[in-house]
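Colleague:
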Amino acid sequence: MKRISGKNLVLIGFMGTGKTEVGRLLADLLNRRFVDTDRRISEREGMSIPELFAARGEQYFRAAEKEVVAELASQKGLVVSTGGGVVLDGGNVEHLRLSGFVVWLDADVDTLSLRLQGDKTRPLLQSDGLAELYKRREALYREAAHVRVDTAGKAPFVVAREVVALLQGEG
Ligand code: S3P
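The sequence shown begins at 429 in this note's numbering and counts up one residue at a time.
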């Protein structure tokens, strides 16, 4: 697996694409340590992501996210799942691409809407429309990623297997 030897395997993508679940499965399959940036931020700040947004605002969250990304980029051999907005910062993208192989988990807007229906844990979905937000971000994911994997209609373990096949295919 040349693509990830000595590197991190990084999952990016919109909310609801399964980054955390697929990341966990991939870490098991590849025998690597799993780190989720949102979880790391939550632990560091001592509150959930919605609580953090409410108490300190998005800007504070983004600064914390940037620090966590920089910290993880200095490590090797991890599977890292990121928050959907990590690509908004060019420095984050540079860090992730230099230190890792970046996989974009994607799905069409209808699939994402269904998966995220009634979700109360994502502060940004409470204000902005999902389709609008997706449209604003799509090009950023495309530019940040080394490869794209479509997750629509697939269970997380199917997606994880597809990512492994992709890594193996390269030799
Ligand atoms: C965000 C996505 C969330 C979380 C925060 C902001 C975003 O992560 O980082 O609510 O800007 O898209 P998930 O993609 O894991 O839901």
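Positions of the beta carbon are idealized from the N, C-alpha and C atoms, including for glycine.
Examine the Cβ distances between the segment 547-557 and the segment 526-534 and report whether three or more of them are shorter than 8 Å.
Modeller: As far as the Cβ criterion goes, the segment 547-557 does not touch the segment 526-534, which means the pair count is below three.
Colleague: Below 9 Å between beta carbons: does that hold for P584 and G446?
Modeller: In this structure, G446 lies closer than 9 Å to P584 by Cβ.
Colleague: If you measure from the CB of G474, is any heavy atom of the ligand S3P nearer than 8 Å?
Modeller: No, the ligand S3P has no heavy atom inside 8 Å of this Cβ.
Colleague: Kindly examine the ligand S3P and report whether one of its heavy atoms sits closer than 8 Å to the Cβ of R550.
Modeller: Result yes, Cβ under 8 Å from the ligand S3P.
Colleague: So what's F585 in DSSP terms, helix, strand or just coil?
Modeller: Reduced to three states, the DSSP call for F585 is helix.
Colleague: Write down the C-beta distance between L506 and R565 rounded to the nearest angstrom, noting that I regard them as a contact closer than 8 Å.
Modeller: The Cβ separation is near 24 Å, so there is no contact.
Colleague: Taking G444 and L561 to be in contact with their CB atoms under 8 Å, please state how far apart those CB atoms are, rounded to whole angstroms.
Modeller: Wrong, their Cβ atoms sit about 11 Å apart, outside the cutoff.
Colleague: Would you grab the beta carbon distance between L568 and V496 for me? Rounded to a whole angstrom, and I think it's under 8 Å.
Modeller: That belief does not hold up - the Cβ atoms of L568 and V496 are roughly 18 Å apart, past 8 Å.
Colleague: Classify G599 as buried or exposed, calling it buried when 16 or more other Cβ atoms lie within 10 Å of its own Cβ.
Modeller: Because the pLDDT of G599 is 44, which lies under 50, any placement of that residue in the model is unreliable, and the number read from its coordinates should be weighed accordingly. Exposed, because fewer than 16 other Cβ atoms sit within 10 Å of the Cβ of G599.
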